[in-house]
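The next block holds one structure in the form of structure tokens; read it before the comments.
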Amino acid sequence: MSTVVVADAADLFAAARHCLDARDPDDKIALTGAYARRFREGALPLDTNARAPAPIGMPGRPERPKLVHPRELPRRGFGSDEGRAAFIHAIAHIELNAIDLGWDAVYRFRDLPADYYADWVSVAADEARHFVLLRDRLRALGFDYGDFDAHNGLWEMCEKTAHDGMARMALVPRVLEARGLDVTPGMIVKLRSLGDHETVVVLEVILREEVAHVAAGSRWFRWFCARRGVQPESTFRDLLSEYARAVLHGPFNIDARAAAGFSEEELASLQAIAER
Numbered sequence: 001m002s003t004v005v006v007a008d009a010a011d012l013f014a015a016a017r018h019c020l021d022a023r024d025p026d027d028k029i030a031l032t033g034a035y036a037r038r039f040r041e042g043a044l045p046l047d048t049n050a051r052a053p054a055p056i057g058m059p060g061r062p063e064r065p066k067l068v069h070p071r072e073l074p075r076r077g078f079g080s081d082e083g084r085a086a087f088i089h090a091i092a093h094i095e096l097n098a099i100d101l102g103w104d105a106v107y108r109f110r111d112l113p114a115d116y117y118a119d120w121v122s123v124a125a126d127e128a129r130h131f132v133l134l135r136d137r138l139r140a141l142g143f144d145y146g147d148f149d150a151h152n153g154l155w156e157m158c159e160k161t162a163h164d165g166m167a168r169m170a171l172v173p174r175v176l177e178a179r180g181l182d183v184t185p186g187m188i189v190k191l192r193s194l195g196d197h198e199t200v201v202v203l204e205v206i207l208r209e210e211v212a213h214v215a216a217g218s219r220w221f222r223w224f225c226a227r228r229g230v231q232p233e234s235t236f237r238d239l240l241s242e243y244a245r246a247v248l249h250g251p252f253n254i255d256a257r258a259a260a261g262f263s264e265e266e267l268a269s270l271q272a273i274a275e276r
């Protein structure tokens with residue numbers, strides 16, 4: 001049973017840490033909403049003298065779902081309520097992780113422009129809303145978050161890029177989270193053909209808003225590249241080869257990725273590495 005949580009952190013970095021540490025999803029959602037509102041109202045300052053970020057570790061997580069290797073997750077069709085619920089659960093798990101990805105981007109990387117922090121606070125708040133939409137849909141089908149196993153791939157990439165904001169921006173929003181841009185349109189078509197219009201409405205909201213989230217990754221990746229005097233396309237290609245070759249899968253949603261800030265050269269790099 002969740003206890004009442006109070007969003008009483010005095011500054012933005014402490015607020016981000018508070019959200020990351022919250023184990024209960026309801027607490028994480030409530031804190032995220034409260035701190036995002038305080039930030040928008042100018043009541044959550046950036047403390048330039050804040051203690052350096054702690055080494056990255058697992059954020060707060062509920063006891064369920066059980067985390068397993070992706071290969072251990074059973075494949076289910078959409079023909080049954082259980083199959084559709086398992087799919088919705090997988091997306092809900094991604095969204096819960098994405099709340100923490102947004103807050104860790106705030107907490108971990110310091111001395112950046114105010115707009116950077118505004119972007120990732122806003123992303124965390126959006127992801128919290130997405131999680132609630134998906135969990136509500138799960139409950140309508142007779143299931144709940146935690147009823148199916150899940151994997152930890154998103155957070156593992158977060159850990160791998162904890163040392164470098166440029167690598168984080170390149171690989172988490174622009175590779176792993178952008179995967180949703182590629183696969184969601186096909187899922188929408190399939191669910192619509194099955195008459196599951198309630199889930200379609202939720203996925204359409206998420207797809208539309210995730211373009212802006214990936215675009216934030218593109219924007220700040222290019223900002224880091226400019227600050228370091230490196231060429232974005234070749235840097236993105238190098239980072240893909242170093243970190244992400246195993247997780248790249250086509251086909252890619254070229255239109256959505258272009259809208260999210262990918263150049264033609266970057267899209268070609270994705271395609272080439274995925275085909276190796």
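Counted from 1, the sequence shown has number 230 at position 230 by UniProt numbering; the numbering is strictly sequential. Every residue, glycine too, gets a C-beta built ideally from N, C-alpha and C. Quick caveat, the model's predicted, so the values are computed rather than measured.
Would you tell me roughly how many angstroms separate the C-alpha atoms of residue i and residue j, rounded to the nearest one?
i, j, result
"Gly261", "Leu240", "16 Å"
"Arg179", "Arg71", "18 Å"
"Asp100", "Trp155", "8 Å"
"Ala259", "Val175", "15 Å"
"Ala86", "Asp119", "31 Å"
"Ser269", "Arg237", "6 Å"
"Pro25", "Glu210", "21 Å"
"Glu275", "Thr48", "45 Å"
"Ala9", "Arg64", "27 Å"
"Asp115", "Met157", "24 Å"
Where does the unbroken alpha helix (DSSP H) through residue i begin, and where does it stop?
i, result
"Gly195", "First-last for Gly195: undefined, no H or E at that position."
"Asn152", "That residue, Asn152, is in no alpha helix (DSSP H); it is neither H nor E in DSSP."
"Ser234", "232-239"
"Ala128", "114-140"
"Leu267", "264-274"
"Asp255", "254-259"
Three-state secondary structure (DSSP) at residue i?
i, result
"Leu67", "strand"
"Thr199", "helix"
"Ala15", "helix"
"Phe109", "coil"
"Tyr243", "helix"
"Gly42", "coil"
"Arg168", "helix"
"Met187", "helix"
As a quick exercise: from the options, pick the residue whose alpha carbon is nearest that of residue i.
i, options, result
"Ala125", "Glu41, Leu31, Gly79, Ile88", "Leu31"
"His163", "Ile206, Glu210, Phe143, Arg108", "Arg108"
"Leu267", "Ile188, Asp182, Val189", "Asp182"
"Ala54", "Val205, Val230, Ala105", "Ala105"
Are the segment 13-25 and the segment 55-63 touching, with three or more C-beta to C-beta distances below 8 Å?
-> yes
Do three or more CB pairs link the segment 161-181 to the segment 206-222 at distances below 8 Å?
-> Contact holds: three or more Cβ-Cβ distances are below 8 Å.
Touch test, the segment 262-272 against the segment 193-200, Cβ-Cβ under 8 Å, three pairs minimum | The answer is no - the segment 193-200 does not touch the segment 262-272, with fewer than three Cβ pairs under 8 Å.
Just checking, does the segment 25-38 make contact with the segment 64-81 on the three C-beta pairs under 8 Å criterion?
-> no
At least three beta-carbon pairs within less than 8 Å, the segment 87-100 to the segment 121-130 | Verdict: yes, contact present.
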